[in-house]
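Undergrad: Residue 1 is where the sequence shown starts when you use this note's numbering, and the numbers rise one by one after that.
We put the beta carbon where it would ideally sit given N, CA and C, even for glycine.
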Amino acid sequence: MKSFVKINSKINRFNKKIIVPGDKSISIRWVMLSSLAIGISKSINLLESEDVKSTIRSMKKLGVKIHKKKNIYYVEGVGLNGLNVKKNEKINAGNSGTFARLFCGLISSYASEVTIFGDKSLSRRDFSRVIKPLQLFGVNFKSNNNKLPIKIVGTNFLRPIYYLEQKGSAQIKSAILFAALNTPGKTVIDCVKSRNHTELMLKNSLNLPIKIKNKKSIHRIEIDGQKEFSKFDYNIPGDISSAAFFIVLTILSRDSKLCIKNVNINKTRSGIIDIAKKMKGKIKVLNKKTYNGELKGDIYVESTKNLKSINCPKELNTRSIDEFLIIFLLCAKAKGISKFNGIEELRQKESDRLQTAAKFLKMIGVRTTENYGSIKIYGNPDLNLKGNYKVKNFLKDHRVFMMSCIAALTLGGNFQIYDRSSIRSSFPSFLNLLKKLGANII
Ligand code: S3P
């Protein structure tokens, strides 16, 4: 298979219903937690992407039996202390920051030495954020500058901690919760709000003694550890981070309509819907339902001609953290200057996404000014591309690849977009789904 795709024409009008694959954050958490449960858990619509496969492969390496039969995944949980950790175990997290960071917490209570490593992009990412709180539990880490590969020296004498998590990172919060699961006593975390799938799963699916107190900007989570839990089944809703590309595709296309069925619209994740609405994008959510504490619904979106720029409220930052690249594309076509502040966490993703955005937008003739934690995008409603564009060397960031495809399909020009295999991380069926809507991708 070629390493790039070519897109030389805009997508024609469409009016369709689609479903996007299962939520990545929930899929990874389900595999990890069901591995520690007692009994056999079942899941349908588990995301079959590389990040989830790395998670499955790693849990299997530690003795958990996982198999798939007729679209259902089965995980034979081993209990909190049942993992089989070999001497000098090596775990490959691939491209998955979520698995790698949560795993540091999960393995903390095992008196063993486990080395975790990953691909080039993951190896440049910061792990001090999870090392710091986990050291307070009594875990030791050996690494070069807090980057992968990291050797985790766990202990079965963990002590509970209090931690103030100020980055608004669900990965940090979840790494602490995973360690707390097998720590005697009460662990308390005060954290800036971020996606809350871990705590919802612990509370609603596992019935663990966990208290969640929502204050204005800070959540307090209290959890009593060392409580075994039983198997739990999960029907995983669609991933809003995947739906995001189709939302923007539709808004920026001509005379088109799309319904994206059964998407997770948890308030901690649905920032893109609020941002699109603030920009006057035609979007609404119907058929809302709650499942295991998670909200889901059908997203209806339509082409929109007169998009307005946005001065993005900070409250939306963590709620849209994975969607900013594609949101910036929306801003490129909006009237006025869009402003985003306090988004320096974007520099910590699969690539430095603030730099990436500025570089990409400059290439397509959109002015931006960027500094450490902010970006301004000078939108142009008449943006219509004619030239040749090559998208290459973005650390194989899957979301850069997908954003570039949406740019090509809505703005015109002749695009050659490299690293097509990157979509395996989160959304392997991305190109096929675009083709179903009529996109011409070579
Ligand atoms: C994730 C949390 C976010 C997000 C990542 C998935 C998770 O990272 O960017 O793609 O599943 O917990 P941070 O928690 O580091 O912001």
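Judging by CA-CA distance, which residue of A100, K70 and L62 is the nearest neighbour of V52?
TA: Counted from its first residue, the sequence shown places residue 52 at position 52. Of the candidates A100, K70 and L62, the one whose C-alpha sits nearest the C-alpha of V52 is A100.
Undergrad: Take every Cβ of the stretch 192 to 201, pair it with every Cβ of the stretch 210 to 217, and state whether three or more of those distances are shorter than 8 angstroms.
TA: Taking 8 angstroms as the limit for Cβ pairs, the verdict is that the stretch 210 to 217 does touch the stretch 192 to 201.
Undergrad: If you draw a straight line from the C-alpha of W30 to the C-alpha of F117, how long is it?
TA: One-based indexing of the sequence shown puts residue 30 at position 30. One-based indexing of the sequence shown puts residue 117 at position 117. Going from the Cα of W30 to the Cα of F117 covers about 22 angstroms.
Undergrad: Is any heavy atom of ligand 1 found at a distance shorter than 8 angstroms from the C-beta of K167?
TA: Locating residue 167 in the sequence shown gives position 167, where the first residue counts as 1. Checking every heavy atom of ligand 1 against the Cβ of K167, one is found closer than 8 angstroms.
Undergrad: Report buried or exposed for Q166, applying the criterion of at least 16 other Cβ atoms within 10 angstroms of its Cβ.
TA: Position 166 of the sequence shown, counting from 1, holds the residue named residue 166. Per the 10 Å Cβ criterion, exposed.
Undergrad: How should T369 be labelled, buried or exposed, when 16 other C-beta atoms within 10 angstroms of its C-beta is the threshold for buried?
TA: Residue numbering aside, residue 369 sits at position 369 when the sequence shown is read from its first letter. Exposed, because fewer than 16 other Cβ atoms sit within 10 Å of the Cβ of T369.
Undergrad: Let me check one thing: in DSSP terms, what residues is Y110 bridge-paired to?
TA: Locating residue 110 in the sequence shown gives position 110, counting from the first residue. Looking at the DSSP assignment, Y110 forms no beta bridge with any residue, so it has no partner.
Undergrad: Determine, using beta carbons only, whether I11 and L437 come nearer to each other than 9 angstroms.
TA: Counting from 1 along the sequence shown, the entry for residue 11 is found at position 11. Counting from 1 along the sequence shown, the entry for residue 437 is found at position 437. Their beta carbons are under 9 angstroms apart, which means I11 touches L437 by this criterion.
Undergrad: Between I327 and I406, is the Cβ-Cβ spacing less than 9 angstroms?
TA: Locating residue 327 in the sequence shown gives position 327, counting from the first residue. Locating residue 406 in the sequence shown gives position 406, counting from the first residue. No, Cβ-Cβ distance for I327 and I406 is not below 9 angstroms.
Undergrad: For the beta strand (DSSP E) containing C331, list its first residue and its last residue.
TA: Taking the sequence shown and counting its residues from 1, one reaches residue 331 at position 331. From DSSP, C331 is part of no beta strand (DSSP E) but of the alpha helix (DSSP H) over F324 to A332.
Undergrad: At a cut-off of 8 angstroms, would you count S270 as near ligand 1, judging by its Cβ distance to the nearest heavy atom?
TA: Working through the sequence shown from its first residue, we reach residue 270 at position 270. For ligand 1, not one heavy atom lies less than 8 angstroms from the Cβ of S270.
Undergrad: For Y162 and D190, what's the separation of their Cα atoms in angstroms?
TA: Locating residue 162 in the sequence shown gives position 162, counting from the first residue. Locating residue 190 in the sequence shown gives position 190, counting from the first residue. Taking the straight line joining both Cα atoms gives about 8 angstroms.
Undergrad: Which word fits T290, buried or exposed, when buried means at least 16 other C-beta atoms lie within 10 angstroms of its C-beta?
TA: Taking the first residue of the sequence shown as position 1, residue 290 is located at position 290. The residue is exposed, with fewer than 16 neighbouring Cβ atoms inside 10 Å.
Undergrad: Does the beta-carbon of G79 have 16 or more other beta-carbons within 10 angstroms, so that it is buried, or is it exposed?
TA: On the sequence shown, position 79 is the one that residue 79 refers to. Classification for G79: exposed.
Undergrad: So E294 is in the alpha helix (DSSP H); what residue range does that whole segment cover?
TA: In the sequence shown, counting from the first residue as 1, residue 294 sits at position 294. First-last for E294: E294 to E302, but that is the beta strand (DSSP E), not the alpha helix (DSSP H).
Undergrad: For the candidate residues G154, K282, G365 and F427, whose alpha-carbon lies nearest to that of K257?
TA: On the sequence shown, position 257 is the one that residue 257 refers to. Minimum Cα distance to K257 is reached at K282.
Undergrad: Compute the Euclidean distance between the alpha carbons of K362 and I40, then round it to the nearest angstrom.
TA: Taking the sequence shown and counting its residues from 1, one reaches residue 362 at position 362. Taking the sequence shown and counting its residues from 1, one reaches residue 40 at position 40. Their backbone Cα atoms lie some 51 angstroms apart in a straight line.
Undergrad: Give the single residue among S374, K335, R367 and G365 whose Cα lies nearest to the Cα of R347.
TA: As a position in the sequence shown, residue 347 is number 347, starting the count at 1. R347 has its Cα closest to that of S374, out of S374, K335, R367 and G365.
Undergrad: For H197, verify whether its CB is less than 8 angstroms away from any heavy atom of ligand 1.
TA: For the purposes of this step, residue 197 is identified with residue 197 of the sequence shown, where counting begins at 1. True, at least one ligand heavy atom lies under 8 angstroms from that Cβ.
Undergrad: Tell me the DSSP secondary structure of I343 in three-state form.
TA: On the sequence shown, position 343 is the one that residue 343 refers to. Residue state, collapsed to three classes: coil.
Undergrad: Throw me the rounded Cβ distance for the Q226 and P184 pair, which I believe falls under 8 angstroms.
TA: Residue numbering aside, residue 226 sits at position 226 when the sequence shown is read from its first letter. Residue numbering aside, residue 184 sits at position 184 when the sequence shown is read from its first letter. At roughly 5 angstroms, the Cβ-Cβ gap stays under 8 angstroms, so Q226 and P184 are in contact.
Undergrad: Pick helix, strand or coil for F415, following the three-state DSSP scheme.
TA: As a position in the sequence shown, residue 415 is number 415, starting the count at 1. Here F415 sits in strand by DSSP.
Undergrad: Roughly how many angstroms lie between the CA atoms of N414 and N8, to the nearest whole one?
TA: Mapped onto the sequence shown, residue 414 falls at position 414. Mapped onto the sequence shown, residue 8 falls at position 8. About 4 angstroms.
Undergrad: Let me know the secondary structure DSSP gives P237 once reduced to three states.
TA: Counted from its first residue, the sequence shown places residue 237 at position 237. It is coil, neither helix nor strand.
Undergrad: If you reduce the DSSP assignment to three classes, tell me which class K53 lands in.
TA: As a first step, residue 53 is located in the sequence shown; it is residue number 53 there, counting from the start. Three-state DSSP puts K53 in a helix.
Undergrad: Hey, is T318 close to ligand 1, as in C-beta under 8 angstroms from one of its heavy atoms?
TA: Taking the first residue of the sequence shown as 1, we reach residue 318 at position 318. Yes, ligand 1 has a heavy atom inside 8 angstroms of this Cβ.
Undergrad: Among the candidates E76, R319, M32 and G412, whose CA atom is the shortest distance from the CA of V192?
TA: In the sequence shown, counting from the first residue as 1, residue 192 sits at position 192. Closest by alpha carbon: R319.
Undergrad: Nearer than 8 angstroms: is that true of the beta carbon of A180 relative to any heavy atom of ligand 1?
TA: Your numbering for residue 180 matches position 180 in the sequence shown. It does not: the Cβ of A180 is nowhere closer than 8 angstroms to a heavy atom of ligand 1.
Undergrad: Residue ranges of each alpha helix (DSSP H) run of no fewer than 4 residues wholly in the stretch 336 to 394, ordered along the chain?
TA: As far as the stretch 336 to 394 is concerned, its whole alpha helix (DSSP H) runs of at least 4 residues are 353 to 363.
Undergrad: I'd like to know if the stretch 259 to 276 and the stretch 215 to 234 are in contact, where contact means that at least 3 CB-CB pairs between them fall below 8 angstroms.
TA: Counting Cβ pairs under 8 angstroms, fewer than three are found: no touch.
Undergrad: Assuming the contact rule is C-beta atoms closer than 8 angstroms, V20 and S242 should be a hit. Round their C-beta distance to whole Å, please.
TA: Within the sequence shown, numbered from 1, the residue matching residue 20 stands at position 20. Within the sequence shown, numbered from 1, the residue matching residue 242 stands at position 242. V20 to S242, Cβ: 4 angstroms. Contact.
Undergrad: List the endpoints of the continuous alpha helix (DSSP H) containing S35.
TA: The sequence position of residue 35 within the sequence shown is 35, counting from 1. From DSSP, the alpha helix (DSSP H) with S35 extends over K24 to L36.
Undergrad: Can you grab the Cα-Cα spacing for the pair F4 / Y418, in whole Å?
TA: Position 4 of the sequence shown, counting from 1, holds the residue named residue 4. Position 418 of the sequence shown, counting from 1, holds the residue named residue 418. Cα-Cα distance, rounded: 4 angstroms.
Undergrad: Does ligand 1 have even one heavy atom less than 8 angstroms from the beta-carbon of I423?
TA: Your numbering for residue 423 matches position 423 in the sequence shown. Outside the cutoff, so no.
Undergrad: What's the C-alpha gap between N88 and N140?
TA: Residue mapping note: residue 88 aligns to position 88 of the sequence shown, counting from 1. Residue mapping note: residue 140 aligns to position 140 of the sequence shown, counting from 1. Looking at the two C-alpha atoms, the distance is approximately 15 angstroms.
Undergrad: If you draw a straight line from the alpha carbon of A175 to that of N144, how long is it in whole angstroms?
TA: Here the question's residue 175 lines up with position 175 in the sequence shown. Here the question's residue 144 lines up with position 144 in the sequence shown. Answer to the nearest angstrom: the Cα atoms are 20 angstroms apart.
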